[in-house]
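Notes follow once the structure below has been shown.
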Amino acid sequence: TWKDQLYSASGNQLLQIISYAGGWSIDDITGLAYKPQYICQHKDRLFAAGGDMPQGYLECTGYESDSSWSAGTGEAFNVGYKDGDPIRQLAGLKDNLIVYKQDSIWVLRGDNAQNWFQHRDEKAVGCYAPHSVADVIYGHIFLSIDNVYFFDGERLVPIGDNIKPWLDLIPIAYRKNACASYYDGWYRLSFTNGTYNNKELLFDINRFITTGRTAWWLNDGRNINNYIIYDGPDDDNTIHMCDSNAGHLRKMDTGTQDDTVDVESQFYSKHYGMGNPNIEKMFDRLKVDLSMSVGTVYLTLIKGLGIEAQLEIEFGIDTGSATNLWGTGVWGVCKWQSSDLTRFTHEVAIPAKMDGPTLAFMLKHKTSQANV
């Protein structure tokens, strides 16, 4: 969007502008002869690339115009001239335009044709999934051919090392279909281990920025082909998730989808190393922080590398009182210790012990959508 207008670039038709004035209208922008696939607004100009445009070719409009392309007062230039590396996405970052190619990243600095300056990042890393690029705090996150990276315009940091087993499940032919968004402090990456997106990885941005730790959760079984975020001054700061397989539009924090069927989900944490597997570990407290509507959540602790349930806790959310007790697990009776029902923070005593190399968590939500 730019200047209250919506622009569409599909790669198989001319650039289009979608507007509303008593009714919706879709009009071709004829100033650009090509059919671009990627567009971006940067420094009061429109930039276009991909589609049937020459490989590595980038065009932009004149200042504050959507029609004066290179044939008029706009500009055109090559990024990484004839390097055989196709452009996969365009995105603004700070004062620069980032040109994501399949095997490289280029930073475009300047204001006009007289001072445009191209700089190629030294690392041989690019963006393989065009719609995986998300603008997060202090930078971008995107999916490459074999990892997930954080890029702040200068530093390129791999953040997906501990989720490589999941990333390796993505068929190369369908990796480009992965899509992502940034919402409420989380980078959300939807991907597939088959032919359509059926899993979602959630990355805790705030923890990464403040501590450098890479904390991921896996939401299994959710089909998301695109995200829509309403975050304008007149919006309610919500996220909608599009499922083109079922024809549904799902809204976060609602218990059902548009045909009144319950929205179910389950999250897997990474495996946390617990030191020497031969030394017994003692646990005495577990704290869960949720934002959700009324419903039931099942929390399972997973021991080792397999899916071996060692403790399953079932609890309900009661906004009126703290009468809902946690269930009984394999390791012993779980009792309330404290509860802030406004924030839905629940703390429970678990007289538990284990031995083993790792510990992971699985969170299942059956009747209402959990925001973890």
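Residue numbers (our numbering): 12 to 383. Glycine included, C-beta positions come from ideal geometry on N, C-alpha and C. Quick caveat, the model's predicted, so the values are computed rather than measured.
For Trp-13, there is no enclosing beta strand (DSSP E), as DSSP gives it neither H nor E.
According to the DSSP secondary-structure assignment, Trp-80 is paired through a beta bridge with no residue.
Contact annotation, Phe-214 with Ile-170: C-beta distance approximately 7 Å; criterion of less than 8 Å satisfied.
For Arg-224, the three-state secondary structure derived from DSSP is coil. Less than 8 Å separates the beta-carbon of Asn-236 from that of Asn-208.
As computed with DSSP, Glu-165 is found in no beta bridge at all. Around the beta carbon of Gly-205, fewer than 16 other beta carbons sit within 10 angstroms, so the residue counts as exposed. Annotation for Arg-99: the continuous beta strand (DSSP E) segment containing it runs 98–104.
Here Tyr-241 is not near Met-252, since their CB atoms are 8 Å or more apart. Taking the Cα positions, Gln-27 is about 34 Å away from Ala-135. CA-CA distance, Ala-102 to Ile-50, rounds to 9 Å. Beyond the five residues adjoining it in sequence on each side, Gly-121 comes within less than 6 Å, by CB distance, of Trp-127 and Phe-128 in the same chain, given in chain order.
Contact between Ile-116 and Gly-67 does not hold, since their C-beta atoms are separated by about 13 Å, which reaches or exceeds 8 Å. Boundaries of the alpha helix (DSSP H) around Lys-175: 175–178.
Linking Ser-192 to Asn-158 through their CA atoms gives a straight-line distance of about 17 Å.
One alpha carbon belongs to Leu-260, the other to Gly-91, and they sit about 39 Å apart. A distance of 8 Å or more separates the beta carbons of Gly-33 and Pro-47. Residue range 183–186 is occupied by the alpha helix (DSSP H) that includes Arg-186. The Cβ neighbour count for Tyr-74, taken over all protein chains shown within 10 Å, is under 16; the residue is labelled exposed. For the options Tyr-198, Phe-202 and Ser-81, the alpha carbon positioned closest to that of Asp-179 is the one of Phe-202. For Ile-170, there is no enclosing beta strand (DSSP E), as DSSP marks it with neither H nor E.
Ile-109 counts as buried, since no fewer than 16 other beta carbons sit within 10 angstroms of its beta carbon. Exclusion of the five residues before and after Gln-100 leaves Tyr-49, Tyr-111, Cys-138, Pro-141 and Val-144 as the residues of its chain whose Cβ lies within less than 6 Å of its Cβ. Taken through DSSP and simplified to helix, strand or coil, Asn-236 comes out as coil. For Ser-21, the secondary structure class from DSSP, reduced to helix, strand or coil, is coil.
Asp-254 and Lys-187 have their C-alpha atoms roughly 17 Å apart. Annotated as proximal: Ile-220 and Tyr-149, with beta-carbon spacing under 8 Å. The Cβ atoms of Asp-77 and Asp-96 do not sit closer than 8 Å to each other.
The shortest C-alpha to C-alpha distance from Tyr-185 to any of His-53, Leu-154 and Val-168 is the one to Leu-154. C-alpha of Asn-123 to C-alpha of Thr-225: approximately 38 Å in a straight line. Each residue's CA atom was taken as its position, placing Tyr-45 and Ala-59 some 9 Å apart.
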